[in-house]
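*Asks:* Below is the structure I would like to discuss, written out as structure tokens.
Protein chains: 2
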Amino acid sequence: MFLSQTVEYALRAAVCLAGQPEGQTTPEIAETTKVPPSYLSKVLQGLGRAGIVEGKRGVGGGFKLARPAARISVLDVIAAVEPVQRIERCPLGLAAHADKLCPLHKKLDDALAEVERAFASTTLAELVEPDQPLQPLDALVRKRRGAERA
Amino acid sequence: MFLSQTVEYALRAAVCLAGQPEGQTTPEIAETTKVPPSYLSKVLQGLGRAGIVEGKRGVGGGFKLARPAARISVLDVIAAVEPVQRIERCPLGLAAHADKLCPLHKKLDDALAEVERAFASTTLAELVEPDQPLQPLDALVRKRRGAERA
DNA sequence: GCAATTCTGGACCTTGACATCCACTTTGAC
DNA sequence: GTCAAAGTGGATGTCAAGGTCCAGAATTGC
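Heads up: the protein sequence lines correspond to chains A and B, in order.
Under numbering that gives the first Met the number 0, read the first sequence as residues 0 to 149, first letter to last.
Under numbering that gives the first Met the number 0, read the second sequence as residues 0 to 149, first letter to last.
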């Protein structure tokens, strides 16, 4: 019961990126979030197509959020990798339930609606740990190198 | 995102049985709930082992609820076929999160807790449609036959 | 221009959920 | 006792999600 593994990975990566606006490479994010690097690559591609993150190729490239973390909700991230399916029609296809869900499916859909509401009203910015944002140890080093070059 | 197919099947079957205390055979329940008969058989076995339903073999056998529908919650049924996993430890295994979930997993677990609460407080009795309990057309016939024999 | 870096996208493999099938046991009716 | 009805449990099949791998394209530094 609940969120798929892929959604969990996508959320970890998104929060990880929210904690470091400069951006990070896929291996860095993978290290921080403990997500299989090669699979994370796929997940980030999905987030990219959905406009949640932006990838930049080549030396010094990597991923960063496409918008400020405060303007990306948890639901945005979830929907990007696995569209949320509300229950709109009776799964049994009963004629009697054409426009009105039976009590069971009404109840299930209510729960789904509540979760959706909670996730829509939470932004990535709220999920970054102030004292210890999710990032690898060498992130600061990398950041410093970038500053030196500039 | 959400409940597995198996859970959906189990709930349909449970509500179906709640609508007819006399009991029904697997093919009957399958017909009513549009669940593949052979798979429903497995699901019902699971519900049986969990003490939600009782199966009776032989001619005139079938399944019925092991307790009154008002004393079986939606959560009981879900937990019977797929134990609800609350998030207790940080999935990343971070030492810093040993006893306190990070904001992300706290948020996810909160949502899960809310859903769990909603499902725990809803009984099967509340989900039976008064005017049209989920049951096949020949259920009444079957019921009548039983009454005649008695 | 060349080499190193990093994302992109397609092909492929693996695993578990979903589903089917069948031999067996239990039960009730005659 | 025999037969048909009905659940039980194990073996097996199927398919999509999860995961790996690699060739190619873009970018940067020299």
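C-beta atoms are modelled at their ideal positions from N, C-alpha and C, and glycine is treated no differently.
Please confirm whether L103 (chain A) and R85 (chain A) have their CB atoms less than 8 Å apart.
*Replies:* On the first sequence, residue 103 (chain A) is found 104 positions in, with the first residue counted as 1. On the first sequence, residue 85 (chain A) is found 86 positions in, with the first residue counted as 1. Contact flag unset, no.
*Asks:* For the pair the stretch 7–16 of chain B and the stretch 13–33 of chain A, tell me if three or more CB-CB distances fall below 8 Å.
*Replies:* Because the criterion of three Cβ pairs below 8 Å is not met, the stretch 7–16 of chain B and the stretch 13–33 of chain A do not touch.
*Asks:* Assuming the contact rule is C-beta atoms closer than 8 Å, V52 (chain A) and F62 (chain A) should be a hit. Round their C-beta distance to whole Å, please.
*Replies:* Here residue 52 (chain A) is taken as the residue at index 53 of the first sequence, counted from 1. Here residue 62 (chain A) is taken as the residue at index 63 of the first sequence, counted from 1. At roughly 5 Å, the Cβ-Cβ gap stays under 8 Å, so V52 (chain A) and F62 (chain A) are in contact.
*Asks:* Give the secondary structure of Q84 (chain A) by DSSP, where H, G and I count as helix, E and B as strand, and everything else as coil.
*Replies:* Along the first sequence, one-based indexing puts residue 84 (chain A) at 85. Three-state result, Q84 (chain A): coil.
*Asks:* Between the beta-carbon of M0 (chain A) and the beta-carbon of L100 (chain B), is there less than 8 Å?
*Replies:* On the first sequence, position 1 is the one that residue 0 (chain A) refers to. On the second sequence, position 101 is the one that residue 100 (chain B) refers to. Going by C-beta atoms, M0 (chain A) is not nearer than 8 Å to L100 (chain B).
*Asks:* For the candidate residues A:A9, A:V58 and A:L107, whose alpha-carbon lies nearest to that of E87 (chain A)?
*Replies:* By 1-based counting over the first sequence, the position of residue 87 (chain A) is 88. The residue with the shortest Cα to Cα distance from E87 (chain A) is A:L107.
*Asks:* Which same chain residues, not among the five before or five after L39 (chain A), have their C-beta less than 8 Å away from its C-beta?
*Replies:* As a first step, residue 39 (chain A) is located in the first sequence; it is residue number 40 there, counting from the start. Same-chain partners within the cutoff: Y8, A12, T25, I28, A29 and T32.
*Asks:* In whole angstroms, give me the CA-to-CA distance for G54 (chain B) and Q44 (chain B).
*Replies:* Along the second sequence, one-based indexing puts residue 54 (chain B) at 55. Along the second sequence, one-based indexing puts residue 44 (chain B) at 45. So the two alpha carbons sit approximately 8 Å from each other.
*Asks:* Looking at A65 (chain A) and G50 (chain A), is the spacing between their C-beta atoms short of 8 Å?
*Replies:* In the first sequence, the residue the question calls residue 50 (chain A) occupies position 51. In the first sequence, the residue the question calls residue 65 (chain A) occupies position 66. Closer than 8 Å, so yes.
*Asks:* Look up E53 (chain A) in the DSSP assignment and say whether it is helix, strand or coil.
*Replies:* In the first sequence, counting from the first residue as 1, residue 53 (chain A) sits at position 54. DSSP places E53 (chain A) in strand when its eight states are reduced to three.
*Asks:* DSSP state of T121 (chain A), grouped into three classes?
*Replies:* Counting from one through the first sequence, the residue named residue 121 (chain A) turns up at place 122. T121 (chain A): coil per DSSP, three-state reduction.
*Asks:* Just reading off the beta strand (DSSP E) that L64 (chain A) is part of, what are its end residues?
*Replies:* Numbered from 1 along the first sequence, position 65 holds the residue referred to as residue 64 (chain A). Its beta strand (DSSP E) spans residues G61 to L64.
*Asks:* By the three-class DSSP mapping on this structure, what secondary structure does Q44 (chain A) have?
*Replies:* Residue 44 (chain A) sits at position 45 when you count from the first residue of the first sequence. It is helical.
*Asks:* Helix, strand or coil: how does DSSP classify T4 (chain A) here?
*Replies:* The residue you call residue 4 (chain A) lines up with position 5 of the first sequence. Per the sequence shown, the amino acid found at residue 4 (chain A) is Gln instead of Thr. Of the three classes helix, strand and coil, the one that applies to Q4 (chain A) here is helix, per DSSP.
*Asks:* Could you run through the stretch 44–70 of chain B and flag, in chain order, every residue whose CB is less than 7 Å away from some CB of chain A?
*Replies:* Answer set for the stretch 44–70 of chain B: empty.
*Asks:* Decide if V127 (chain B) is buried, meaning its Cβ has at least 16 other Cβ atoms within 10 Å, or exposed.
*Replies:* Counted from its first residue, the second sequence places residue 127 (chain B) at position 128. So V127 (chain B) counts as buried.
*Asks:* List the residues that DSSP assigns as beta-bridge partners of Q23 (chain B).
*Replies:* Walking along the second sequence from the start, residue 23 (chain B) turns up at place 24. In DSSP, Q23 (chain B) forms a bridge with B:F62.
*Asks:* Is there at least one Cβ from chain B nearer than 8 Å to L16 (chain A)'s Cβ?
*Replies:* The residue you call residue 16 (chain A) lines up with position 17 of the first sequence. Taking Cβ atoms only, chain B never reaches closer than 8 Å to L16 (chain A), which makes this a no.
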